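Below you'll find the structure, written out as C-alpha cells, and then a few comments.
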Amino acid sequence: MDFRLNDEQRMIQDSVRKFAREKILPNARDWDRQGFFPRELLREMGQLGYLGVPVPEEYGGAGLDYISEAIVFEEIGYADSSVRTTLSVQMSLVELTILKWGTEEQKQRYLPGLCSGEIIGCFGLTEPNAGSDAGNVQTTAKRDGDDWLLSGQKVWISNGTIAD
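Sequential numbering from 2 applies to the sequence shown in my numbering.
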C-alpha cells in the first residue's frame, strides 16, 4: 500500500501549514492565556475551504477525502491544539453527523453555513450517568407536533461556549 500523499494532498498540506504558522501559531499562547477564541479565524478558514473538507461541494464543502481532512487537523494542531479541537468538532461531529443522518432540508439549511464558518456548531454527548458512552445516554427527544421536546442533562457540550 502506498502511503505517500498525492499532489493535491501535498498542496493542501502546504497551504494549511502556511496559514497555521502565520495566522495561528504566533497568537496561540495569548489566546490560551486570555481564554479567547477568535471566531473570525473560523470564517477565514471557511473561506479557504478548511472547514468543510469532507463535505460534498453541493452543500458548500470542499468534497475532499478523509486523508485531506486529517492533514488539515494535523497542520492546524501543530499550531494550536485548541483550534484543532474546535475544527474537528465542527467537521467530524457536527457537519458529518448532519451529512450522514440529517434530512435533505437540514443539509441544505446548515451545512453551507457550517462549512463557511458563518455558523459554529456544537455537540452534546457526555451525561452525568453515562459519560461519553453513547449507548447509555438517558436524554430523550419526543415529537410534539412540529417541535421536539428534549429532556435530559449534559455535562460537556463541545464548542458550546462559542456555538451558534
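Every residue, glycine too, gets a C-beta built ideally from N, C-alpha and C.
Values in this document were obtained by computation on a predicted structure and should not be read as measured data.
Same chain, Cβ closer than 6 Å to residue i, five either side skipped, listed in chain order
i: Gly64; result: Pro57, Glu58
i: Glu76; result: Val17, Arg18, Ala21
i: Ser152; result: Thr141
i: Ser69; result: Gln10, Ile13, Val54
Spatial distance of residue i from residue j (CA atoms)
i: Lys24; j: Asn7; result: 26 Å
i: Arg34; j: Asp147; result: 44 Å
i: Thr141; j: Gln154; result: 10 Å
i: Pro113; j: Gly62; result: 7 Å
i: Gln91; j: Met2; result: 31 Å
i: Val156; j: Gly132; result: 8 Å
i: Asp81; j: Glu128; result: 27 Å
i: Lys101; j: Lys108; result: 9 Å
i: Arg145; j: Phe4; result: With the sequence shown as reference, residue 145 is identified as Asp, and Arg is not the correct amino acid for it. The alpha-carbon atoms of Asp145 and Phe4 are separated by roughly 50 Å.
i: Leu1; j: Gly50; result: What is shown of the chain runs 2 to 165, which leaves residue 1 out entirely.
i: Arg106; j: Val138; result: The sequence given here places Glu at residue 106; Arg does not occur at that position. Distance between the alpha carbons of Glu106 and Val138 is about 27 Å.
i: Glu45; j: Ala135; result: 33 Å
i: Val95; j: Phe37; result: 22 Å
i: Lys143; j: Arg30; result: 44 Å
i: Leu150; j: Ile163; result: 23 Å
C-beta atoms of residue i and residue j nearer than 8 Å
i: Leu52; j: Leu43; result: yes
i: Ile158; j: Gly125; result: yes
i: Tyr60; j: Cys116; result: yes
i: Ile120; j: Tyr111; result: yes
i: Gly78; j: Cys123; result: no
i: Gly118; j: Gly47; result: yes
Same chain only: Cβ atoms within 8 Å of residue i, ignoring 5 sequence neighbours per side
i: Pro175; result: What the structure shows of the chain is the stretch from 2 to 165, and residue 175 is not part of that stretch, so it cannot be assessed.
i: Ile72; result: Leu6, Gln10, Ile13, Gln14, Val17
i: Asn130; result: Asn137, Gln139
Nonlocal neighbours in the same chain, by C-beta distance under 7 Å from residue i, ignoring five residues either side
i: Phe74; result: Arg85, Leu88, Ser89
i: Asp165; result: Ile120, Ile121
>> Quick check on the DSSP output: what are the complete beta strand (DSSP E) runs of length 3 or more inside the region 74–112, in order along the chain?
In response: For the region 74–112, there is no continuous beta strand (DSSP E) assignment of 3+ residues that stays within its boundaries.
>> Quick check on the DSSP output: what are the complete alpha helix (DSSP H) runs of length 4 or more inside the region 29–60, in order along the chain?
In response: Counting whole runs of 4 or more residues, the region 29–60 contains the alpha helix (DSSP H) stretches 40–48.
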